[in-house]
Every structure is written in C-alpha cells, then in structure tokens.
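Chemist: Okay, here's the structure, questions in a sec.
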Amino acid sequence: MKQIGHWINGGEVAGTGREQDVFNPATGEVSARVALASVSDLEQAVDAARAALPAWRATGLTKRAAVMFKLREIVTAKSDELARIITAEHGKVVSDAAGEVVRGLENVEYCAGLMHHLKGEFSEQVSSGVDVHSVRQPVGIVACITPFNFPAMVPLWMVTTAIACGNTVILKPSERDPSAALWIAQAFKDAGLPDGVLNVVNGDKEAVDGILDHDDIKAVSFVGSTPIAQYIYERASKNGKRVQALGGAKNHMVVMPDADLDAAADAAVSAAYGSAGERCMAVSVLVAVGEVADPLVDKIAERMGKLVIGDGFDERSEMGPLITREARDRVASYVAGATDEGARVVVDGREKHFDESGFFIGTSLVDHVKPGMKVYDEEIFGPVLSVVRVETFEDAVELINANQFANGVAIFTRDGKSAREFEFAIEVGMVGVNVPIPVPVGSFSFGGWKKSLFGDTHMYGAEAFNFYTRRKVVTTRWPDPTQSQVDLGFPTN
Ligand code: NAD
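Everything in the sequence shown is counted per my numbering, starting at 636 for the first residue and increasing by one.
Below, the structure written as structure tokens:
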C-alpha cells in the first residue's frame, strides 16, 4: 500500500502515528494511506520554516522571481502528470483537473511579477529635508490550509504568493487528496526553491489546531466549508494571527426574460454539474425570472440526459464521482427530502449510477424550490441544481441578498441596464454577467462576502500581496549637525 507522508525541509518524511485511507473515488478502493500529523510532526515543519526564513527573506527579488518563472515552466511541461494525480484522488475528469492546473498557474505568472508587486512608496520633501518611504516585508511563517476540491489550484493560490513575498510556508492540504500538494512541493524544489521554504504537513484537525495555536505561525490562509472557516478565523485571530478564511457557497444564476434560453441552459448545466458540483463557484440555484422557468427547466433536463458520467480517466466522461461515499449519501439525502419539503424533483440523480462501486451519483434538478427548504438553505456541494421561480428582477435581487452565502453570482440577460443595476445592487463578492462561474483572473483577487469569507482579504492578486506582507514606513532626515537643538514640542511639518 502506498504511504503518503509529509514534505519537510526539502524532502519526504514518513508519518509517525495516525493515518487514514485515501480512496480512488471512481472505484471506491483504497489507493493509499496518508499520515495524519501529530503536534510534534508539525513542530518539525515549523523548525524547518523558521530556519529557512532569514535567508529566504533576504533573497534578492530577481532570484525569487526566477523560481516562479522556472516553476511555471516545470508545471506547464508536466501539467498532464499533475492533472492525473488530481483525478486519481479527487475523481474529477482529467480535462477538468488540467483546467484547475492552468488556473493555478495564472497565479504563478502573477507572482513572477513580484518585483513590481512588492514596490514600496516614496514621498520626497514631506517637510523641509524630510523624506518618507514605505517597504513591504514578509510576515514570517505562514500556514495554508486547503480543501479537497481544488487540490492543486488552491495551494497554488496561497503558497506562491506567500513565498513570493519572502515568507516561509507550511501547507496543510486536504487529507482526502494529499498527493498534489507533495507534487507541487517537489516542483518548487526543482525550480530552485531552497529547502525549508515550503513544507507540507498532512493531517486533520490535530494538525490544524496545532497551527492555530502555534506562536511562531503569524498568518493563516484557509479555504473550506463555512463552519470550519469561522472556527479557523476565530481561533487564529484570538491567538493574534492574521487570518483570511474563505467558506462555503450557494451561488445563484439569474435568468432574465430577455436572455437567450439555449445559451442560459448550456451555461447552467455546465456550471451546476461540472466537477460534480464540487466547486465553490458552482451554480447551485437557478433563479428564473417571469415566464422563463418552464422552457428553461425543459431545456436543462434535456441536456442533463446527454451527460456522460464515469471514471475521470475515461476520455468520454464529462463528470466523475463525488469525493467520498459519505458525500454521495449526503447529496442523495437532499434530493430524497426535497419532495417532502414541497419541491418537485424533475430529474432524480439517484436513479442513475448510484449503485456503481465508486462514489457516483447522477445529476439532479429540483424545481419550485423556496427559501426555508433544506435544499435551498444549505450548501449541498454536489450535482444538484435547484430552481427558484420569481416574478421580477427586484425579487431576484432580494432573494440573493437575503442568502447567508455570497461567494459568486451570475445574471444572464441581453439588457445592459439590468446587468448594470444587478452589479450595483447585488451583495456578493464575485459577479458574472453572462459568465456562470466568474472566477477572477490572477491579476484580480478572489473572495466572497458574508458567510463565504471571514476576515477582509481576498485570495491571490494584489490583496494577497497585502495579506502576506507587513508595511513599514520610514521617515528620513539628514540634518546639518550645526543646526541641532533640543525641542520638546511635538514634531509638526
Ligand atoms: P472542509 O472545511 O471539510 O476542510 C477544509 C480543510 O479544513 C481541510 O484541510 C481539512 O483537513 C480541515 N478541517 C476539516 N475539519 C476540520 C476541523 N474540524 N478542525 C480543523 N480543521 C478541519 O472543506 P472540504 O470539504 O475539504 O472542501 C469543500 C468546502 O470548501 C465547501 O464548503 C466549499 O464551498 C469550500 N470551498 C470554498 C472556496 C472558496 O473560495 N470560498 C473554494 C473551495 C472550496
């Protein structure tokens, strides 16, 4: 049985205690055992990160940038290898996994411009003979705690920026698909990153709690479900750390009466069922405005019938299994309960693929959903699309703004006025206009509002450079000693 350990100080290190199974979700078989770090395993990683910090933060910016350029080359050349590692443990189809790698690489590319992103400011002559400048310095040791659903992209969001800023890092990936993180650590090493700058600690709550309570870890980046995001935010903040904790989602897609319904149906099916709905930006609620509901539901159901569900390694498959048996059963329970709540199950995903050996479930479409139903109120994180029918644009905005989650949202319309008013009024962090999954490109930053983000800084891009650096402001004067005198007054300009 393959054993998956940690990556500390530039090499793989075996686990010392607890471990758990890693599955191939397409077969349901155990493919490996992953180590679950104890606090003393974590301590080894912190020691390595602490030892590497002085030299890395003193490393010239061009040398740091060179690591990013080389990393981009390596990951690009071997992206298929990484995609297949993702598919083997996550289950998503290989083409989708390759897409995740490309989106992760965007951030490496942004970080390659670190010379520019780390520039400070300078003001000459703020007072007679006095100049002021600011610099950005690393925060120190940073921890990155990541979810199962993007085992390469989310680590690449966090780790690259933290490293570009001169920090050293402890990455704690999801214990359900840990291999991509170790692959990334090797790629960084091959790109010339010194040992100890990036360490990977596999584990569960014990390792995470060790991170949250560790005095030497100064900042925590987290992506995962809302209850854990809130827990991470509260515990790490209480311990004096900087925290950004991105949580769960319930993303709505509004379809206006003037929209092209075929294009909207294509977009809804792609965004709801891609990666089996296990994307934080997946569309999980379709908001049908006015008369569009009946034809749109028909068009979506028709497209669902043609989707090919199967092993992610099979090139014909468009959607793979869910991550675990428990996740599949949880998704099934929402569909099972929807009818009793008063909704209408138009397509029941439990009827197809449910009995296969892997963690498969078919796609579901649930109509006449309303707030107050579990299928609407909770994040399902699976291939279930709910349809909420509303009368007007204003009803759609009111519905979405009342939701506890606010990660992504989209409007489908051919009317610029509606799109503009939507953008202005909607209380959600990332908005798409005729774009169903509006994940910002690497030069912007990613993050939601409300219960989809705890803290105030979004991931990657300029906001991440702020998160992973501390500003220092230096006021400088080169006075003539002959003019010097004692003056107890408060310095003014
Ligand atoms: P999760 O919250 O179960 O796990 C995320 C991380 O937290 C993992 O590393 C895990 O080991 C750790 N963890 C889990 N339980 C813990 C506990 N009790 N104490 C301490 N640490 C714990 O999330 P997941 O199931 O891996 O990922 C799916 C979730 O992530 C969904 O809710 C999804 O919406 C969310 N997500 C959000 C975004 C975003 O950008 N907002 C992006 C991707 C995923």
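C-beta atoms are modelled at their ideal positions from N, C-alpha and C, and glycine is treated no differently.
Computed from a predicted structure; not experimentally measured.
(1) Thinking MET1065 and GLY1043 are a contact (beta carbons under 8 Å), I'd like their distance in whole angstroms, please.
(2) If you reduce the DSSP assignment to three classes, tell me which class LYS698 lands in.
(3) Indicate, with yes or no, if the ligand NAD has a heavy atom lying under 7 Å from the CB of ALA899.
(4) Does the beta carbon of ILE863 fall short of 7 Å from some heavy atom of the ligand NAD?
(5) Apply the 10 Å Cβ neighbour rule to PRO786 and answer buried if 16 or more other Cβ atoms are within range, or exposed otherwise.
(6) Would you mind giving the Cβ-Cβ distance between VAL777 and SER872, rounded to the nearest angstrom? I have them listed as a contact below 8 Å.
(7) Going by DSSP, which residues form a beta bridge with LEU706?
(8) What's the call for PHE1059, buried or exposed, on a 16-neighbour Cβ count within 10 Å?
(9) So the alpha helix (DSSP H) HIS641 belongs to, where does it begin and stop?
(10) Would you say GLN974 touches the ligand NAD, meaning its beta carbon is less than 7 Å from a heavy atom?
(11) GLN760: which of GLY1007, GLN638, MET916 and THR1111 sits nearest, CA to CA?
(12) When you measure from the CB of SER856 to every non-hydrogen atom of the ligand NAD, does any distance come out below 7 Å?
(13) When the Cα atoms are used, what is the spatial distance from THR959 to HIS751?
(14) Would VAL924 and PRO892 qualify as a contact pair, given that the criterion is a beta-carbon distance under 8 Å?
(15) Measure the C-alpha to C-alpha separation of GLY801 and GLU810 and round it to an integer number of angstroms.
(16) Is the beta carbon of ASP983 less than 8 Å from the beta carbon of VAL970?
(17) Is MET793 helix, strand or coil when you go by DSSP?
(18) Got a sec, what are the start and stop residues for the beta strand (DSSP E) ASP1002 sits in?
(19) Any heavy atom of the ligand NAD closer than 7 Å to the Cβ of PRO782?
(20) Check each candidate in GLY955, GLU1098 and GLY748 and name the one with the smallest Cα separation from GLN730.
(21) Count the other CB atoms within 10 Å of the CB of THR974; is the residue buried (16 or more) or exposed (fewer)?
(22) Compare the beta carbon distance of ALA822 and LEU706 with 8 Å and say whether it is the shorter of the two.
(23) Could you work out which residue in GLN638, LEU753 and VAL669 is closest to GLY1096 when comparing CA atoms only?
(24) Is it buried or exposed for LYS727, if we count other Cβ within 10 angstroms and need 16 for buried?
(25) Please tell me whether MET939 and ALA1045 are closer than 8 Å, where the distance is taken between their beta carbons.
(26) Closer than 7 Å: is that where the CB of CYS746 sits relative to any heavy atom of the ligand NAD?
(27) Does the segment 702-718 come close enough to the segment 926-944 that 3 or more CB-CB pairs lie under 8 Å?
(28) Run the proximity test for VAL858: is its beta-carbon closer than 7 Å to any non-hydrogen atom belonging to the ligand MN?
(29) Cβ-heavy atom distance between VAL843 and the ligand NAD below 7 Å?
(30) Looking only at DSSP bridge pairs, what is ARG979 linked to?
(31) Flag this pair as touching only if the segment 1010-1027 and the segment 873-887 have three or more C-beta atom pairs under 8 Å; answer yes or no.
(32) Nearest-angstrom Cα distance between GLY646 and VAL832?
(33) Would you list the residues sitting across from HIS768 in a DSSP beta bridge?
(34) In angstroms with no decimal places, state the Cα-to-Cα distance between GLU1033 and ASP1002.
(35) By Cβ distance below 6 Å, which residues in the same chain neighbour ALA670 in space, the five residues on each side in sequence not counted?
Modeler: Concretely, from the data shown:
(1) That belief holds up - the Cβ atoms of MET1065 and GLY1043 are roughly 4 Å apart, short of 8 Å.
(2) Reduced to three states, the DSSP call for LYS698 is helix.
(3) The closest heavy atom of the ligand NAD lies 7 Å or more from the beta carbon of ALA899.
(4) ILE863 Cβ: within cutoff of the ligand NAD.
(5) With 16 or more other Cβ atoms within 10 Å, it is buried.
(6) In fact, because the Cβ distance is near 15 Å, the residues do not count as touching under 8 Å.
(7) None; LEU706 has no bridge partner.
(8) Classification for PHE1059: exposed.
(9) Counted as a single uninterrupted DSSP element, the stretch harbouring HIS641 is not any alpha helix (DSSP H) but the beta strand (DSSP E) occupying residues 641-643.
(10) For the sequence presented, residue 974 should be read as Thr rather than Gln. The beta carbon of THR974 sits no closer than 7 Å to any heavy atom of the ligand NAD.
(11) Considering only alpha carbons, the answer is THR1111.
(12) Result no, Cβ not under 7 Å from the ligand NAD.
(13) Those two C-alpha atoms are separated by around 43 Å.
(14) Going by C-beta atoms, VAL924 is nearer than 8 Å to PRO892.
(15) Cα to Cα, the separation comes out at about 27 Å.
(16) Yes, they are a contact pair.
(17) Correct three-state label for MET793: helix.
(18) Taken as a continuous stretch (DSSP letters only), the beta strand (DSSP E) holding ASP1002 covers 999-1002.
(19) Yes, the Cβ of PRO782 comes within 7 Å of a heavy atom of the ligand NAD.
(20) What sits at residue 730 in the sequence shown is Ser, not Gln. When the alpha-carbon of SER730 is set against those of GLY955, GLU1098 and GLY748, the nearest one is in GLY955.
(21) THR974 counts as exposed, since fewer than 16 other C-beta atoms from the protein chains shown sit within 10 angstroms of its C-beta.
(22) Contact check for ALA822 against LEU706 passes: the beta carbons are separated by less than 8 Å.
(23) Relative to the Cα of GLY1096, the nearest Cα in the group GLN638, LEU753 and VAL669 belongs to LEU753.
(24) Label assigned to LYS727: buried.
(25) The answer is no: Cβ separation not under 8 Å.
(26) Taking 7 Å as the cut-off, the C-beta of CYS746 does not count as close to any heavy atom of the ligand NAD.
(27) No: fewer than three Cβ pairs fall under 8 Å.
(28) By its list of ligands, the structure shown excludes the ligand MN, since it contains just the ligand NAD.
(29) Yes - the ligand NAD has a heavy atom lying nearer than 7 Å to the Cβ of VAL843.
(30) According to DSSP, which records beta bridges pairwise, ARG979 is partnered with ASP1002.
(31) Under the Cβ criterion (8 Å, minimum of three pairs), the segment 1010-1027 counts as touching the segment 873-887.
(32) When the Cα atoms are used, GLY646 and VAL832 turn out to be separated by approximately 12 Å.
(33) Paired residue(s): PHE757 and VAL1109.
(34) Approximately 19 Å, taken between the alpha carbons.
(35) Correct list, in chain order: GLY640, GLY650, GLU654 and ASN837.
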